[in-house]
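Residue numbers (the numbering used here): 13 to 250.
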């Protein structure tokens, strides 16, 4: 994990994030790791208690990624998979992330059309092989990437930076010229919705943020955007 073959070492991105939300999420996972490790110690004589160290280590890796390394800590590769080391370290977390997505997406569409060949939804959707994909999900792998597949991992629960949104909009513009494009994250509620909103305004398909919101909410009523998301979208267009 420290010295991956196909990516720079995560140590190259090692710095304490000034983002308060990232710090809060990192602290939650750090406390979870400590609680699991303590429980593993208490139950060490039961024969199975030490298995709790596995999810403890997984939570620790997530905490480090949120607090110090960003999406690079998840080591998502250009083919949509995670590095072998990251996959093995994050199995308990990835399992919980899948279960969480199943819960929030029950009876919900996994992919919906928005406008002019742009689609929005979850990385779990079955995507036609000829539809391009812009994958924004750092924590879940993509097992069926399309012919035209671009991964730009972003952290869950965190509003993308203005620079990340600009880059994603540029990628979406390039992919959209070839036909249909599916913009996805874990649920299709926040990260991917932010990118599609910024794209609608950047390309003047929507004249105002309210117009863009109306278009996206009509396609995906469940979108969840915080004040930080809205601010990043506005900054990305300035």
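The beta-carbon is built from N, C-alpha and C at its ideal position, and this holds for glycine as well. Since we're looking at a predicted model, the values are computed, not measured.
- Rounded to the nearest angstrom, the gap between the Cα atoms of residue 148 and residue 119 is 23 Å.
- Pairing residue 195 with residue 131 gives a Cβ-Cβ distance under 9 Å.
- Straight-line spacing of the CA atoms in residue 83 and residue 217 works out to 30 Å.
- Membership of residue 125 in the beta strand (DSSP E) is indicated by the continuous run 123-127.
- Using a Cβ distance threshold of 9 Å, residue 162 and residue 143 do not count as a contacting pair.
- For residue 111, the enclosing alpha helix (DSSP H) stretches over residues 103-116.
- The alpha-carbon separation between residue 204 and residue 110 amounts to approximately 17 Å.
- Scanning the stretch 157-196 for uninterrupted alpha helix (DSSP H) segments of 4 residues or longer gives 174-188, listed from N- to C-terminal end.
- Inter-segment contact for the stretch 70-84 and the stretch 42-57 is present: three or more beta-carbon pairs are separated by less than 8 Å.
- In the DSSP annotation of this structure, residue 29 is not part of any alpha helix (DSSP H), being labelled neither H nor E.
- Between residue 234 and residue 201, the C-beta gap is smaller than 9 Å, which places the two residues in contact.
- Membership of residue 144 in the beta strand (DSSP E) is indicated by the continuous run 144-149.
- Closest in alpha carbon position to residue 16, among 232, 86, 122 and 38, is 86.
- Each of 240, 246 and 250 was checked against the Cα of residue 32, and the nearest Cα belongs to 240.
- Collapsing the DSSP output to three states places residue 94 in a strand.
- Going by DSSP, residue 131 is part of no alpha helix (DSSP H) but of the beta strand (DSSP E) stretching over 130-134.
- Under the DSSP assignment, residue 242 falls in the alpha helix (DSSP H) whose first and last residues are 239-248.
- Taking a 10 Å sphere around the C-beta of residue 56, we find fewer than 16 other C-beta atoms and assign the residue as exposed.
- DSSP, reduced to helix, strand and coil, places residue 88 within a strand of the structure shown.
- Proximity of the stretch 185-192 to the stretch 224-232 falls short of the contact definition, fewer than three beta-carbon pairs being nearer than 8 Å.
- In terms of CA proximity to residue 78, 170 leads the group 174, 170, 242 and 198.
- Closest in C-alpha terms to residue 212, from the list 177, 199, 197 and 173, comes 177.
- Judged by their CB atoms, residue 210 and residue 181 are nearer to each other than the 9 Å cut-off.
- Within a 10 Å sphere around the beta-carbon of residue 126 sit 16 or more other beta-carbons, which makes this residue buried.
- The residues 244, 247 and 248, in chain order, have a CB closer than 7 Å to that of residue 174 in the same chain once the five nearest residues on each side in sequence are set aside.
- Ranking 62, 152, 117 and 129 by CA distance to the CA of residue 103 puts 152 first.
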